[in-house]
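The next block holds one structure in the form of C-alpha cells; read it before the comments.
Number of protein chains: 2
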Amino acid sequence: MRTRPTHVTLAVILQVRDNRLCVLLWERAREPYAGRWALPGGYLGERETLEDSIRRQLAQKVDVREVAHLEQLETRSDPERHPSEWQLATAYLGLVPTVADPSIPEDTAWHPVHDLPPMAFDHESITLSGRERLRAKLSYTNIGFALAPESFTISELRAIYVAALGHPVAATNLQRVLVRRGVLEQTGEQRRPGRAGGRPAAVFRFRSRGLEVTDPSAVLRPPA
Amino acid sequence: MRTRPTHVTLAVILQVRDNRLCVLLWERAREPYAGRWALPGGYLGERETLEDSIRRQLAQKVDVREVAHLEQLETRSDPERHPSEWQLATAYLGLVPTVADPSIPEDTAWHPVHDLPPMAFDHESITLSGRERLRAKLSYTNIGFALAPESFTISELRAIYVAALGHPVAATNLQRVLVRRGVLEQTGEQRRPGRAGGRPAAVFRFRSRGLEVTDPSAVLRPPA
DNA sequence: GCAAAAGTGTTGTGTCTACACCCATGT
DNA sequence: ACATGGGTGTAGACACAACACTTTTGC
Numbered sequence: 001m002r003t004r005p006t007h008v009t010l011a012v013i014l015q016v017r018d019n020r021l022c023v024l025l026w027e028r029a030r031e032p033y034a035g036r037w038a039l040p041g042g043y044l045g046e047r048e049t050l051e052d053s054i055r056r057q058l059a060q061k062v063d064v065r066e067v068a069h070l071e072q073l074e075t076r077s078d079p080e081r082h083p084s085e086w087q088l089a090t091a092y093l094g095l096v097p098t099v100a101d102p103s104i105p106e107d108t109a110w111h112p113v114h115d116l117p118p119m120a121f122d123h124e125s126i127t128l129s130g131r132e133r134l135r136a137k138l139s140y141t142n143i144g145f146a147l148a149p150e151s152f153t154i155s156e157l158r159a160i161y162v163a164a165l166g167h168p169v170a171a172t173n174l175q176r177v178l179v180r181r182g183v184l185e186q187t188g189e190q191r192r193p194g195r196a197g198g199r200p201a202a203v204f205r206f207r208s209r210g211l212e213v214t215d216p217s218a219v220l221r222p223p224a
Numbered sequence: 001m002r003t004r005p006t007h008v009t010l011a012v013i014l015q016v017r018d019n020r021l022c023v024l025l026w027e028r029a030r031e032p033y034a035g036r037w038a039l040p041g042g043y044l045g046e047r048e049t050l051e052d053s054i055r056r057q058l059a060q061k062v063d064v065r066e067v068a069h070l071e072q073l074e075t076r077s078d079p080e081r082h083p084s085e086w087q088l089a090t091a092y093l094g095l096v097p098t099v100a101d102p103s104i105p106e107d108t109a110w111h112p113v114h115d116l117p118p119m120a121f122d123h124e125s126i127t128l129s130g131r132e133r134l135r136a137k138l139s140y141t142n143i144g145f146a147l148a149p150e151s152f153t154i155s156e157l158r159a160i161y162v163a164a165l166g167h168p169v170a171a172t173n174l175q176r177v178l179v180r181r182g183v184l185e186q187t188g189e190q191r192r193p194g195r196a197g198g199r200p201a202a203v204f205r206f207r208s209r210g211l212e213v214t215d216p217s218a219v220l221r222p223p224a
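Protein chains in written order, with the numbering used here: chain A, 1 to 224; chain B, 1 to 224.
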C-alpha cells in the first residue's frame, strides 16, 4: 500500500470571556511538545467526515451544543509540522456565545488570543488565522450571532465586538449599521438600569442564527 | 497501523477564453466515472506539501509558469465522494491570464463554467466553489492581475471582468474604481484604434502582481 | 437637581453608479 | 463630415463616522 499521511482535525474555539477574545487550549502531557498548549482535536476516524471528526473531538472538551458556528479554515501540510510523523491537519473555526460556560476538563483552559502561551506545532499560527477569519466576517456577515447571547443590549454587544475586533467600536454606529442591514431586531423588552442609574436599554436579538453575508460590498455589482 | 484515507489534490484552473470563464478538465478513461470530466490533480506524494503536490500535478497538464495565482480552496471529506476508496481531496484555485494558451494534453480541454459537462465525483460543486471565490475576490482585491495580460486597455479588462463575474460591468466605473484604489496604473503607451476608428486607448497594467486586499470594506473599522 | 447610561438628530465625507458630454481616430 | 470607440465631468444615492443633543433612569 502507498504510504499515507495521518490526518487530524483541529478546532480554534473562540469565545469572548471577561471582555477578552479567548481560545480553548489543552496542555500536552506527552511528547512531542509536552507542556505546551495545543488546539483541541485528534485523528480522523475511519470513514468519518472532517466536520464529524472535529465535532466528535470537541464533545470531549466542551458541550458541542454550545458551539454556535463551525466552519472549515484551512488544511496545513508542511511535512515538518509534526516532528516525527507525516501529518496533515484540517483546522476549523468554532464560536461559542459569551454567556455559555461549558465545563471543560482539567488539562484545558481558555487563553486570551492576544497573549498566547507557548504552543505546540503550528497551532499558534492557526489560531491567528482563525482570529483573522472572525474579524473579517464580523464586518460583512451576521456572524456576531455566534458570539452573542440569545438577547442583549447594544452595550453588551459592543463589548463583544470590541473584544473580538481589538479596536474601539462606537455603540451608536454599531447599532445603526446592524439595524440598517436587518441583522438585529428589537425584542420589545427593556433592561433595567444598574445602581448608577441611566436610561433603560432596549433589548435586541439577531434576526437569524445562521451565517448570512449582509454586506456583499459588491463593488462592480450587477445593475439593479 | 491505523487505517488512513488516501489524499488527493485537485485544482480548479480558471481562464477567460473567448469571453467565457473556462475551467481546465480532463476526460477520465478509466472507472470510476469513465468518460466523465474531472479536475486535474492526483495523489499526494510522500512528505510533499499540498501546494507542491498540486503544482507537480499541474505541470503535467499546463505550463505551471502560466498559473499567475494559486490558493487553497477547501478540503472535501465525504466518505461517499469516491465510490470505492476513502479519499480526501484538497482543492486549489488557480488562475491563468487570458492571453496564455498553454499546450495541454489530448485528453484535457477547457470548458465554460456556465455549461459544464457531466463531471466525476464532487468536482462540479468544487468548480462552482472556485468560481464563487474568484467572483468575491474580484470585488475586494486586485486578483484581476491573475486573469489579465501584462498590459491591456480598459475595454479588454472589462471583457475579462464581465466573463468572470457573469454580469455587465461599465468600463467607466471599472476604471475609476481600480484607479482610485491604486490597483491599476497607466503604462504611458497607447493602443491604436481598429479599422472602425475611435480614440486610441490608454494602456494600463496592474501595479502589483501579488494578491492584495484593496477594499477592506471594514465597516466598524478602527478610528484613524 | 445631578450624574449616568441609552438613544436620536444631524452633518460631513467618501465611494459608488449613472449618464451626459467631450476627444481622437478611420473612412 | 460622421461613425466609432475611449475618456472625463458631474450629479445623485448611499453608507458610514463623528459628535452634539435629548431621554430616562438612580441617587
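Using N, Cα and C, we set each Cβ at its ideal position, and we do this for glycine too.
In this structure, the alpha-carbon of E27 of chain B lies about 18 Å from that of I54 of chain B.
Looking at A:L25, A:T187, A:D78 and A:P200, the one whose alpha-carbon comes closest to that of I104 of chain A is A:L25. For E106 of chain A, the nearest beta carbon of chain B is not closer than 7 Å to its own beta carbon. Among the residues of chain B, those whose CB is under 7 Å from the CB of D78 of chain A are T49, following chain order. Cβ-Cβ distances below 7 Å link P5 of chain A to W86, Q87 and L88 in the same chain, with the five nearest sequence neighbours on each side left out; the list follows chain order. The Cβ of T90 of chain A sits closer than 7 Å to at least one Cβ of chain B.
One Cα belongs to L128 of chain B, the other to V113 of chain B, and the distance between them is close to 8 Å.
According to the DSSP assignment, H123 of chain B belongs to the alpha helix (DSSP H) that extends over H123 to Y140. In this chain, the beta strand (DSSP E) harbouring R20 of chain B covers R20 to E27. W26 of chain A has a beta carbon lying at 7 Å or more from every beta carbon in chain B. Counting along the chain, the unbroken beta strand (DSSP E) around Y92 of chain B starts and ends at Q87 to V96. For S139 of chain A, same chain residues with a beta-carbon under 8 Å away, outside a window of 5 residues either side, are D215 in chain order. Separation of L184 of chain A and V213 of chain B (C-alpha to C-alpha, rounded to the nearest whole angstrom) is 28 Å.
In the displayed model, G41 of chain B falls within a strand according to three-state DSSP. In the DSSP assignment, V179 of chain A falls outside any beta strand (DSSP E) and lies within the alpha helix (DSSP H) extending over A171 to R180. Interface with chain A (7 Å Cβ-Cβ cutoff): E85 of chain B is excluded. For E156 of chain A, no CB of chain B lies under 7 Å from its own CB, so it is not counted at the interface with that chain.
The continuous stretches of beta strand (DSSP E) do not include V183 of chain A, and DSSP gives it neither H nor E. Annotated three-state conformation of E189 of chain B is strand, per DSSP. For R207 of chain A, the closest of A:P200, A:A163 and A:A148 by C-alpha to C-alpha distance is A:A148. Contact of Q72 of chain A with chain B is assigned, a C-beta pair being separated by under 7 Å. For L165 of chain B, the uninterrupted alpha helix (DSSP H) run begins and ends at I154 to L165, by DSSP. With 16 or more neighbouring CB atoms inside 10 Å of its own CB, S77 of chain B falls in the buried class.
At a cut-off of 7 Å between beta-carbon atoms, T75 of chain B makes contact with chain A.
Contact annotation: in the segment 119-142 of chain A, residues whose CB is within less than 8 Å of a CB in chain B are L138, S139 and Y140.
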